[in-house]
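Number of protein chains: 2
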Amino acid sequence: MSRFLNVIPVADAVAAVISISPPTVTETIPLDSAGGRILAAAVMADTDIPGFDRSVVDGYAVRAADTAGAGDAIPALLHSNGRIAMGRPDPSTSVGPGTCTYIPTGGVLPAGADAVVMVEYAEEAGDTILGKKAASHGENVLLRDEDFKQGEIVFLAGRRISPQDAGVLAACGCAVVTVAKKPVVGIISTGNELVPVTVVPGPGQVRDANASMLAAYLAEYGCVPRHYGIIPDEREAFEAVLARAVPECDVVLLSGGSSKDDRDMTAAVIASLGEVLVHGIAIAPGKPTIIGRIGSKPVFGLPGHPASAFVVLIAIVRPLLDRMLGIPVPLQRTEKATLAINIPSQRGREEYVRVMLENGVATPLFGKSGLLNTLVRSNGLVRIPAGAEGIEQGSTVEVILW
Amino acid sequence: MSRFLNVIPVADAVAAVISISPPTVTETIPLDSAGGRILAAAVMADTDIPGFDRSVVDGYAVRAADTAGAGDAIPALLHSNGRIAMGRPDPSTSVGPGTCTYIPTGGVLPAGADAVVMVEYAEEAGDTILGKKAASHGENVLLRDEDFKQGEIVFLAGRRISPQDAGVLAACGCAVVTVAKKPVVGIISTGNELVPVTVVPGPGQVRDANASMLAAYLAEYGCVPRHYGIIPDEREAFEAVLARAVPECDVVLLSGGSSKDDRDMTAAVIASLGEVLVHGIAIAPGKPTIIGRIGSKPVFGLPGHPASAFVVLIAIVRPLLDRMLGIPVPLQRTEKATLAINIPSQRGREEYVRVMLENGVATPLFGKSGLLNTLVRSNGLVRIPAGAEGIEQGSTVEVILW
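These protein sequence lines are chains A and B, in that order.
The numbers in the first sequence follow this note's numbering, run straight up by one, and end at 402.
The numbers in the second sequence follow this note's numbering, run straight up by one, and end at 804.
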């Protein structure tokens with residue numbers, strides 16, 4: 001193989017990734033374990049919400065007209081005809097002219113009433129209630145179906161279920177919800193220099209940081225990471241682990257080998273078992289990335305440096321995950337910020353610079369490729385488009401937060 | 403009990419909450435399941451990282467002085483004395499004057515060399531390598547301990563383990579990590595009007611939305627929610643469920659009953675089994691909140707409207723969770739935004755207004771108390787301090803995102 005890669009633009013690489021994306025697979029799970037999952041189908045209200053005219057305060061259900069002009073000095077005098085019990089409406093209770101009924105928050109507004117005077121503005125004098133504030137028609141009342149109408153679409157597919165959404169799904173009767181199944185993503189670490197976390201590195205060895213980083217990212221993004229350990233740079237080992245991982249996973253990430261020999265081996269093995277679509281992307285860091293397919297399963301060769309692997313994960317792999325999860329917009333949060341200093345960049349490649357975002361100011365952290373400490377000290381990435389020679393100090397940039 | 407609550411400021415309520423906070427409990431778990439958890443102890447590098455001078459590119463290890471002045475026209479001529487194998491350093495390989503050694507990315511820099519010329523700038527001619535670019539001392543080399551020194555503190559306690567952090571923890575040899583144990587939080591729904599999600603509400607009934615919302619929030623915030631179902635507004639039922647929940651949980655939330663009778667019952671039962679510290683907070687929505695303690699366990703009575711319960715969860719309960727998890731700064735993300743329109747507020751109470759944040763502009767969503775749809779249409783809260791009469795259009799506000 002040549003020592004120069006045939007790099008392609010990021011947009012073309014992403015298009016290649018999307019062209020081999022498996023379809024979204026769905027599953028139906030209990031609402032109580034659905035927080036953070038992605039809805040795979042629209043959700044409708046199965047009933048009117050609320051199902052009845054409902055008081056939003058503790059007070060007295062009245063005919064608003066009976067309270068016209070009422071105040072501290074001249075209260076409305078109303079005859080109290082009882083209390084509304086929670087959850088057990090009594091159809092015989094109704095509010096006629098000059099009468100009122102005590103109603104707790106959430107209670108069913110009795111027939112005849114069209115407003116509620118808060119208890120704070122009412123005074124009891126035996127069976128007579130002194131209403132000290134005029135109520136307007138509909139005041140302190142939530143009307144039947146005012147929140148959601150039966151059959152109304154409450155959520156569209158592709159929405160991540162937030163805690164509030166879980167509450168609304170409960171109100172809509174969704175004891176189970178249909179969500180995108182979590183893609184199973186295999187993680188294979190390659191490289192003769194790698195040792196597991198449990199081993200103290202000997203001369204020339206380093207611990208496998210990528211596998212843990214990738215697994216934590218994938219889990220947070222709604223996937224199921226699956227570890228296949230560390231394999232040496234030997235063709236038989238590559239082929240054997242891929243033969244095992246490909247059938248068990250939806251996507252496979254090969255990671256860790258940072259040398260050219262290792263990358264070439266990765267590409268050769270993917271080519272022999274399937275096809276290599278991309279070998280080299282105009283992205284920095286992350287140029288020597290491989291995108292391939294074995295059978296119907298996307299397989300990626302990620303660069304070895306953790307920081308590079310992370311950028312490729314966000315820029316190249318994430319669009320695949322979004323597609324498989326059915327997310328229209330990436331889940332990863334971004335935030336606008338002002339750039340603290342100039343960032344120079346090389347035209348022709350999309351560059352991702354680690355930044356520390358604090359109080360709306362993004363400060364780039366430059367440092368040698370391969371350093372881990374800039375990953376820990378930074379909290380986001382700024383993307384410099386391939387066509388730009390850099391971004392000037394004071395510009396507004398979008399920070400991809402992590 | 404009086405119909406008026408004896409409300410106290412939010413700061414006093416939070417102080418009361420913190421005064422009864424149980425201490426942080428720790429546990430040691432495998433790194434692979436530690437993503438998103440909170441470190442409960444500082445972490446040090448157990449070795450130098452890297453443990454040796456390391457090339458960050460594929461290229462030729464050289465003495466920088468030998469390449470002085472080299473360029474395309476006048477390359478440095480160097481004798482190639484072999485290749486560095488990954489992970490298996492050969493102490494016999496060294497780079498003397500006029501020689502070089504092929505080194506893959508991540509390889510151990512051989513003795514004598516102090517820089518690496520990238521393969522892109524080198525040309526092979528038999529045993530002679532033509533170096534076409536001058537390398538400066540240390541170029542393309544990551545020095546031993548340049549990333550982290552043995553014994554250096556890499557993370558402080560209280561840090562949420564991000565995916566990158568998981569990678570660095572792996573590099574530091576943390577196959578297991580000590581984290582804050584997830585607090586177990588009991589959720590008890592109260593109110594005669596409530597029915598479970600699986601039931602179609604009859605006249606006067608509503609589904610229990612709060613329990614699902616609270617559980618999803620707690621799970622996302624790093625707690626273990628534990629459901630105790632819906633209990634009717636009867637003293638014996640309250641006492642029985644609390645007798646069961648308090649020993650099984652670290653914190654108990656009573657939620658759902660929105661009427662005064664229900665709140666009074668909650669306060670009375672907590673008082674009979676333990677003590678009520680706070681009944682009524684100067685917060686809107688969420689005024690009728692109860693803070694108590696049974697034995698050593700904090701017990702909250704949350705307001706019944708989901709939107710109110712959510713505000714109290716963030717403003718009052720979260721400080722307790724932060725304390726129990728050992729988080730110095732809340733995990734909940736905030737973002738600065740410009741306020742689209744005036745928000746009027748009542749002096750003397752801290753108000754939380756739901757907003758839709760889009761493109762840096764926060765638009766308040768006003769609507770009747772008790773509506774669920776504003777929870778779904780909004781994506782954050784803006785806090786108006788108790789002393790303010792409101793916030794003017796165009797002001798910069800901090801949005802608490804959800």
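Think of the CB as a built atom: it goes at the ideal place given N, C-alpha and C, for glycine as much as any other residue.
Taking a Cβ distance cut-off of 8 Å, strictly less, list which residues of the stretch 80-110 of chain A are near chain B, in chain order. Interface annotation for the stretch 80-110 of chain A against chain B: 85, 86, 87, 88, 89, 104, 105, 106, 107, 108, criterion Cβ-Cβ distance under 8 Å.
Can you check which of these residues, B:788, B:782, B:561, B:418, is closest to residue 719 (chain B) by C-alpha distance? When C-alpha distances from residue 719 (chain B) are compared across B:788, B:782, B:561, B:418, the shortest belongs to B:418.
Using DSSP's beta-bridge definition, name the partner residues of residue 526 (chain B). In the DSSP output, where bridge partners are listed per residue, residue 526 (chain B) has B:531.
When you compare the CB positions of residue 321 (chain A) and residue 223 (chain A), do they come within less than 8 Å of one another, or not? Contact flag set, yes.
Is there a C-beta anywhere in chain B that falls below 8 Å from the one on residue 168 (chain A)? Against chain B, the CB of residue 168 (chain A) has a partner CB under 8 Å away; the residue lies at that interface.
Interface residues of chain B around residue 165 (chain A) at Cβ under 7 Å? Neighbours of residue 165 (chain A) on chain B, chain order: 778.
Measuring straight from C-alpha to C-alpha, what distance separates residue 229 (chain A) and residue 550 (chain B)? One alpha carbon belongs to residue 229 (chain A), the other to residue 550 (chain B), and they sit about 25 Å apart.
Considering only the alpha carbon of each residue, which of A:346, A:279, A:218 lies closest to residue 319 (chain A)? Answer by Cα proximity: A:218.
When you compare the CB of residue 408 (chain B) with every CB in chain A, is at least one pair closer than 8 Å? Closer than 8 Å: no.
Kindly list, in the order they appear in chain A, the residues whose Cβ is closer than 7 Å to that of residue 564 (chain B). The answer, in chain order, is 402.
Expressed to the nearest angstrom, what Euclidean distance is found between the alpha-carbon atoms of residue 728 (chain B) and residue 444 (chain B)? Rounded to the nearest whole angstrom, the C-alpha separation of residue 728 (chain B) and residue 444 (chain B) is 12 Å.
Leaving aside the five residues before and after residue 123 (chain A) along the sequence, list all residues of the same chain whose C-beta is less than 6 Å from its C-beta, in chain order. Once the five neighbours on either side are set aside, the close Cβ partners of residue 123 (chain A) are 130.
How would you write the range of the beta strand (DSSP E) that residue 301 (chain A) sits in, first residue to last? Residue range 297-301 is occupied by the beta strand (DSSP E) that includes residue 301 (chain A).
Beta-carbon neighbours of residue 369 (chain A), restricted to chain B and to distances below 7 Å: Residues of chain B whose Cβ lies closer than 7 Å to the Cβ of residue 369 (chain A) are, in chain order, 458.
Would you kindly check if the distance between the Cβ of residue 534 (chain B) and the Cβ of residue 474 (chain B) is under 8 Å? Result yes, Cβ atoms of residue 474 (chain B) and residue 534 (chain B) sit closer than 8 Å.
Among A:159, A:375, A:61, A:272, whose alpha-carbon lies nearest the alpha-carbon of residue 116 (chain A)? It is A:61.
Relative to the C-alpha of residue 139 (chain A), which candidate in A:172, A:392, A:371, A:109 has its C-alpha closest? Looking from the CA of residue 139 (chain A), the closest CA among A:172, A:392, A:371, A:109 belongs to A:109.
Collapsed DSSP secondary structure at residue 47 (chain A) in the structure displayed: Correct three-state label for residue 47 (chain A): coil.
Less than 6 Å between C-beta atoms, sequence neighbours within five positions excluded: which residues of the same chain meet that for residue 580 (chain B)? If the five residues before and after residue 580 (chain B) are omitted, its C-beta is found closer than 6 Å to the C-beta atoms of 428, 430, 442, 443, all from its own chain and listed in chain order.
Does residue 710 (chain B) have its Cβ less than 8 Å from a Cβ in chain A? Residue 710 (chain B) does not count as touching chain A.
Just to confirm, are residue 56 (chain A) and residue 770 (chain B) a CB contact at a threshold of 8 Å? Yes, Cβ-Cβ distance for residue 56 (chain A) and residue 770 (chain B) is below 8 Å.
Can you list, in chain order, the residues of its chain with a C-beta nearer than 6 Å to that of residue 776 (chain B)? Leave out the 5 residues immediately preceding and following it. Result list for residue 776 (chain B): 756, 767, 769, in chain order.
Which whole-angstrom value describes the C-beta separation of residue 615 (chain B) and residue 204 (chain A), a residue pair presumed to lie in contact below a C-beta threshold of 8 Å? Not really, about 53 Å apart at Cβ, beyond 8 Å.
Range of the contiguous alpha helix (DSSP H) that encloses residue 662 (chain B): Judged by DSSP secondary structure, residue 662 (chain B) falls within the alpha helix (DSSP H) whose first and last residues are 662-675.
If contacts are defined as beta-carbon pairs under 8 Å, then residue 448 (chain B) and residue 575 (chain B) qualify, I think. What distance do you get, rounded to the angstrom? Indeed they touch by this definition, with Cβ atoms about 4 Å apart.
Candidates B:705, B:747, B:765, B:514: closest to residue 496 (chain B) by CA position: Nearest option by C-alpha distance: B:514.
Closest to residue 380 (chain A) by C-alpha separation, out of A:352, A:32, A:394, A:14, would be which residue? By alpha-carbon distance to residue 380 (chain A), the top candidate from A:352, A:32, A:394, A:14 is A:352.
Rounded to a whole number of angstroms, what is the C-alpha to C-alpha distance between residue 274 (chain A) and residue 609 (chain B)? Each residue's alpha carbon lies about 52 Å from the other.
Give me the Cα-Cα distance between residue 730 (chain B) and residue 557 (chain B), rounded to the nearest whole angstrom. Answer to the nearest angstrom: the Cα atoms are 14 Å apart.
Three-state secondary structure (DSSP) of residue 167 (chain A): Under the three-state reduction of DSSP output, residue 167 (chain A) falls in the helix class.
For residue 414 (chain B) and residue 708 (chain B), I'd like the C-alpha separation in whole angstroms. Those two C-alpha atoms are separated by around 23 Å.
By DSSP, does residue 797 (chain B) sit in helix, in strand, or in coil? When secondary structure is reduced to three states using DSSP, residue 797 (chain B) falls in the coil class, being assigned neither helix nor strand.
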